[in-house]
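In what follows, a structure is listed as structure tokens, so that the remarks can point back to it.
Numbering (the working numbering), first residue to last: 1 to 820.
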């Protein structure tokens, strides 16, 4: 019978290990040179946590956002939020700070005032002729009523004095506020981005470049922060101007990007350091000697250095997932060291010389490590099929790293053992045995009960799969606990709209009208289900038919000029004065619009032909389902002559990410699981043995996903990547158990010895993932929670369910008179 790959690979690994043991200098020189080359490649690695950059450039949303950066410039602001002081002090602070910020070379302009006065004064020009005629009729009725009352020849036969028609016609104008997204009727509205009741005000500094350049974003945020700090420091002059309660906070898209980067870098350092410490401390306790951490960590260190060197040469950046791969690989990689050291120590304890012990260790345990590592590598490599860069890069880098780690242990572990043995290392006298393994005895005695428990858990998990849900809200995956993230809602409330609309380019004359018309039609057709709040263009802010409207407005003015304000009640007098101002304004053009309005629609190059339409969403776009609905409404916008266009912006990219993850995940995950099974079958050689080796993996995945609805953990766009990873990890334990069984080792001894190594390996893996629980980033915490739950289930599958099932099979064979 033809040997399986794993059977042929075992002796090869053993010979390589023995050769490395006998040629330590050559091995040390080669691995050191590789490490130096790798460090050279890894030295410029940087972390980019922006998921917007992770779609392939072929996607339309990516091409559109590149066009957006080139033509429209920055989307978003560096926001300064002032609070606590009196409203007058906040206004004075804004008036003093804005010119200083605009003087910065990286700031195009600062927005801190609504264009309210201009809009209120010219509000009647935004009203349709039909409604203007209605307003005029009201005023004429009021005028006629006043004349009747003033005529002494007319006798009032009614029950009392007739109530005159109101001068207030804000009810009509308010209809047009929703259409244009403008405040046209509030005579006492706040002209600053200020809420006088809560004493909160915002200033929005518009940078000159897009925030995709992290170094630029950091620089501009620091520049703004320095100016703000200088302007708000508690000097005697400032205390006199603004009072002692002025509080300043930074927010906006640029600040959020910088804050999240700082937080992730802090999380990265903490989680990686903690994972390394926990893993090494555990290895020391497991083997009851201080030299054990060095023995298993030295090959691991070389493997990690090679892996990061590969990442530096191939990618140059680490994304939100690959940034934490050091902590994950520490837990995964050291598993090999634990298994190898445990087996080598066992062989040396039996009196075998070092070369023979190494040969047996790598020929058998090393063979199982190769099977486990290759299946885990395949699981990771399956993610490399994804178009989503976060998944693809994570899968490719982790797959390559697993190969590097196995290679490092194969050539470095023998050299390390030669060194420590010359320094006086000897195998531990503590021998795990069946007599001392109460757990092994329990499994043997109660195997049937454990199998029944497993069947019950599988039934419950099968039911749970029907209740499995997915968290679509992207806000739950970002650093939304940071102050700059929390202030988003405050700023949006002050503005009356989102800080980050999407942009639709109108390249030809009349395209802007066609775009707004199409979007209005879609909004009307979708009714309450529409995700569009409003669509606005610069042309829309200069209404048509002003000369015709002016005639009606002049008639209104002639009536209002004849009213005596002193005869009006206070509320009526306020309405009258506002109405009088509105009827005195002249027609206006683009040049007459306030700068605050014009620059919202300004392209980077003033000579660039065409214009833009800004579209604001009415829903929270951090929710993936909302983002997808919004994207569908603002894509494929007809222009009336067969051409179509689409909106550009971060929400469109995020919608594509959500769409890609949802559609890619099932086939990629299924293909990966099938590929892992086929790989294990080819490596092990016998279908039955491969199926048994994979049994803990399949049980782990079924129970993990099926029991997940019973926990507060939810699947999301980040932790879903762990499904094939957990499957690959779960193969490890099954492979080691089956490898020992094929050598004829009794099940009791496997549970006592190999089970100890499996538990240790899973615990060290848990340390790698568990360190992410301390991350402030919610998405990484969710990844850690899901991983730890899956590893706990895998521990039960490997050390309880599989041994109990094998013991039960053996018991039935003995009853039937077959060899067990």
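Don't be surprised by glycine CBs; every beta carbon is placed ideally from N, CA and C. If you're wondering where the values come from, they're calculated on a predicted model, not measured in any experiment.
As the crow flies, the alpha-carbon of residue 412 is around 24 Å from that of residue 274. No Cβ-Cβ contact shorter than 8 Å links residue 657 with residue 470. Per the coordinates, the alpha-carbon of residue 91 lies some 10 Å from the alpha-carbon of residue 200. Selection 32, 594, 807, 341 evaluated against residue 111 yields 594 as nearest (Cα-Cα).
DSSP, read as helix, strand or coil, puts residue 664 in helix.
Counting along the chain, residue 29 sits inside the alpha helix (DSSP H) bounded by residues 24-42. Spanning the alpha carbons of residue 130 and residue 621 requires a straight line of approximately 37 Å. Look at the beta carbons and you see the segment 96-111 touching the segment 216-233: at least three pairs across the two are nearer than 8 Å. For the set 308, 306, 299, the Cα lying nearest the Cα of residue 335 is the one of 299. The segment 583-593 and the segment 546-561 touch, with three or more beta-carbon pairs separated by less than 8 Å. In the structure shown, residue 532 adopts extended strand secondary structure according to DSSP, grouped into three states. With a contact defined as Cβ atoms closer than 8 Å, residue 791 and residue 780 miss out at about 16 Å. CA-CA distance, residue 138 to residue 252, rounds to 46 Å.
With respect to the 8 Å criterion, residue 763 and residue 807 are not classified as neighbours on the basis of their beta carbons. In terms of Cα proximity to residue 68, the closest of 167, 80, 608, 255 is 608. When the alpha-carbon of residue 802 is set against those of 735, 787, 785, 778, the nearest one is in 735.
Between the segment 375-395 and the segment 279-292 there are fewer than three inter-stretch CB-CB distances shorter than 8 Å, so the stretches are not counted as touching.
By the neighbour-count criterion, in which a residue is buried when 16 or more other Cβ atoms sit within 10 angstroms of its Cβ, residue 306 is buried. Taking 8 Å as the cut-off, the Cβ atoms of residue 399 and residue 380 count as close.
One thing to note: residue 706 has its Cβ within 8 Å of the Cβ of residue 465.
The beta carbon of residue 503 sits closer than 8 Å to those of 68, 72, 75, 612, 613, 614, 615, 647, 648, 649, all from its chain and outside the five residues before and after it, given in chain order.
By the neighbour-count criterion, in which 16 or more other beta carbons inside 10 Å mark a residue as buried, residue 785 falls on the buried side. Contact check for residue 79 and residue 202: beta-carbon distance about 6 Å, within the 8 Å limit, so the pair qualifies. For residue 491, the number of other beta carbons within 10 angstroms of its own is at least 16, and it is reported as buried. Under DSSP, residue 506 shares a beta bridge with 611. Bounds of the alpha helix (DSSP H) holding residue 232 are 214-232. In this structure, residue 169 sits near residue 135, with a CB-CB distance shorter than 8 Å. Taking the C-beta atoms as reference points, residue 176 is found no nearer than 8 Å to residue 227. In terms of Cβ geometry, residue 693 and residue 721 do not form a close pair [threshold 8 Å]. Secondary structure at residue 352: coil, using DSSP grouped into helix, strand and coil.
Exclusion of the five residues before and after residue 259 leaves 482, 484 as the residues of its chain whose Cβ lies within less than 6 Å of its Cβ. Using a C-beta cut-off of 8 Å, the segment 505-521 makes contact with the segment 632-641, since at least three inter-stretch Cβ pairs fall below that distance.
If the five residues before and after residue 61 are omitted, its C-beta is found closer than 6 Å to the C-beta atoms of 652, 653, 656, all from its own chain and listed in chain order. Taking the Cα of residue 318 as reference, the smallest distance to any Cα among 679, 396, 144 is reached at 396. In this structure, DSSP gives residue 617 an extended state, which the three-state scheme calls strand. In the structure shown, the three-state DSSP call for residue 462 is helix.
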